Each structure stands twice: as structure tokens, then as C-alpha cells.
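*Asks:* Here the numbering used here is used: the first residue of the sequence shown is 727, the next is one more, and so on.
Okay, here's the structure, questions in a sec.
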Amino acid sequence: MRVFSMQAIKNSFDYLAGLEWREKVQTHCTFCDRSRFEESIVYEDDDLFAINNRTQAGLCHWLIMPKSHGWRDVEGLTVDDAPLVQSMIKLRKELLEQHYPMVSPTDIHTGFHRGRRVLLGDIYWPDTVSIHHLHMHVIVQPYFWLKFFKYPPWFPLMWKSETQVVQEMNETLRKGTRGWILAGVICVATIYSLYLRG
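Rendered as C-alpha cells:
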């Protein structure tokens, strides 16, 4: 087990204290510049990259991301992006089966840092995304203090698990389906009513 120094704890608090309450604008994306992480790539296909995170938060720490810069963070995902999220989760499963088949699922921590969201009017929750290019963290046997402070499952204002993302998309889809069914019923009823009058 790794023992954390006071410096590591201080670094975690500094990270939390340094969160910005306004829009952070990045003019250069690290994940769009392949030369910045070429040696860290552990998987690549036409749509996705998986790389070793430069700062490991556990036994192993990957970032899985789309090659496209089409999404800033998890807040920008919609139901239409479900195939992307599913492909990221599928890649996570494949990497774990290939590299860590004996590690228990309870020792895997997966999710996204939260992006900018409106709190009230022009006041926003802090933006906890360090690089504005959608990426999912997969941490094998996470170090306690880093999981607790930097990747906190207990703090939904800062972290959203991949399970939560999928559940929210499914709920939105169900609501949308119910809405379309209701609209269809209203449309049919209206047409039938006009037919009866007619």
C-alpha cells in the first residue's frame, strides 16, 4: 500500500482550491496534438484513443477519449452520443480483460470530471476538467487520497461515473420515447376527431 506524504495531501487540497468558477478557455488541446502523448498510447482505432495518464492515480490509470474534439466534457453529451459512450465503456472492458483480468470490479474506478454547469443565473459550479477534450478516467486500484479528493465518487459536483452517464442517457431516452408516444396518440386522436366531424 502506498503511503502518502503531507505534500501529496497538500497537492490534493491545492487542486481543489484551484478550481475555477468561470469559463476556462483553452486555445490548444493537448489531446489533439498526438506528439504530446504518442509514447503513452495503449490502444487506438479509427475513433478512440486510450493512453496512460501522465500522473497515475492508482496501479494503472488510463484515459479513454474520442479522437474527435467534438465534445468538451461530459456535460456536452446527449442521447445521440450514447454509441460513443458505449464504445468507450466497451474499450474499458477490453483493456481490463487484457491487462488486469484478476482485478475485482470493486477495485476499478471509472468516470468523468464534471464540466461547467449553471448554478444560478451567471454563477457556475466549478469546472473540474483539466483538458477540454472529452475523456474518461479508468483507474485500477486507485490510491485512496487521490480517489477521495481528485476523483471523488462521493462528490457528484466534481465527478460522474460512467454508470451515471449511461443511466441519465437511458432515462432521457425513456422520457423522449414517452413524449413521442404521447404526441403520436394526440396526433391520432386529433385526426380521428377531425374525421368524425368531417
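For glycine and all other residues, C-beta sits at the position ideal for the given N, C-alpha and C.
The structure presented is a predicted model; accordingly, all values stated were derived computationally and were not measured.
1) Who does Tyr-769 pair with in a DSSP beta bridge?
2) Please report the straight-line C-alpha distance between Thr-753 and His-835, rounded to a whole angstrom.
3) Out of His-825, Leu-789 and Val-829, state which residue places its alpha-carbon closest to the alpha-carbon of Gln-867.
4) Using beta-carbon positions only, say whether Leu-687 and His-861 come within less than 9 Å of one another.
5) Specify, as a first and last residue, the run of the alpha helix (DSSP H) that Gln-782 falls within.
6) What does the Cβ neighbour count give for Lys-736, buried or exposed, with the cut at 16 atoms within 10 Å?
7) Cα separation between Leu-817 and Phe-775?
8) How would you write the range of the alpha helix (DSSP H) that Tyr-810 sits in, first residue to last?
9) Can you give the Cα-Cα distance for Tyr-803 and Val-811, rounded to whole angstroms?
10) Please report the straight-line C-alpha distance between Ser-813 and Ile-849, rounded to a whole angstrom.
11) With distance defined between alpha-carbon atoms, name the residue in Pro-882, Lys-886 and Ile-857 nearest to Arg-798.
12) Helix, strand or coil for Met-732? Go by DSSP, reduced to three states.
13) In the DSSP assignment, what are the bridge partners of Ile-865?
14) Roughly how many whole angstroms lie between the Cα atoms of His-825 and Leu-846?
15) With a threshold of 6 Å on Cβ separation, who are the neighbours of His-787 within its own chain once the five nearest residues in sequence on each side are excluded?
16) Helix or strand or just coil, what does DSSP make of Val-844?
*Replies:* Based on what the coordinates show:
1) Counted from its first residue, the sequence shown places residue 769 at position 43. Per DSSP, the beta bridge partners of Tyr-769 are Ala-776.
2) Position 27 of the sequence shown, counted from the first residue, corresponds to residue 753. Position 109 of the sequence shown, counted from the first residue, corresponds to residue 835. A direct Cα-to-Cα measurement between Thr-753 and His-835 gives close to 30 Å.
3) The sequence position of residue 867 within the sequence shown is 141, counting from 1. Of the candidates His-825, Leu-789 and Val-829, the one whose C-alpha sits nearest the C-alpha of Gln-867 is Val-829.
4) Residue 687 is absent from the structure shown; the chain starts at 727 and stops at 924.
5) As a first step, residue 782 must be located in the sequence shown, where it is residue number 56. It is not in any alpha helix (DSSP H) - Gln-782 carries neither H nor E in the DSSP assignment.
6) Mapped onto the sequence shown, residue 736 falls at position 10. Lys-736 comes out exposed.
7) If you number the sequence shown from 1, residue 817 lands on position 91. If you number the sequence shown from 1, residue 775 lands on position 49. When only Cα atoms are considered, Leu-817 and Phe-775 end up about 9 Å apart.
8) To locate residue 810, count along the sequence shown from 1; it is residue 84. This sequence places Leu at residue 810; Tyr is not what is there. Counting along the chain, the unbroken alpha helix (DSSP H) around Leu-810 starts and ends at 808-825.
9) Looking up residue 803 in the sequence shown gives position 77. Looking up residue 811 in the sequence shown gives position 85. The sequence shown places Leu at residue 803, not Tyr. About 9 Å.
10) Numbered from 1 along the sequence shown, position 87 holds the residue referred to as residue 813. Numbered from 1 along the sequence shown, position 123 holds the residue referred to as residue 849. The straight-line gap from Cα to Cα measures roughly 34 Å.
11) Taking the sequence shown and counting its residues from 1, the one referred to as residue 798 is at position 72. The residue with the shortest Cα to Cα distance from Arg-798 is Ile-857.
12) Locating residue 732 in the sequence shown gives position 6, counting from the first residue. Reduced to three states, the DSSP call for Met-732 is helix.
13) In the sequence shown, the residue the question calls residue 865 occupies position 139. Looking at the DSSP assignment, Ile-865 forms a beta bridge with His-787 and His-835.
14) Counted from its first residue, the sequence shown places residue 825 at position 99. Counted from its first residue, the sequence shown places residue 846 at position 120. So the alpha carbons of these two residues sit roughly 44 Å apart.
15) Walking along the sequence shown from the start, residue 787 turns up at place 61. Apart from sequence neighbours up to five positions away, the residues of its chain that approach His-787 with a beta-carbon distance below 6 Å are Asn-779 and Ile-865, ordered along the chain.
16) Within the sequence shown, the letter at position 118 stands for residue 844. In this structure, Val-844 counts as strand in the three-state DSSP scheme.
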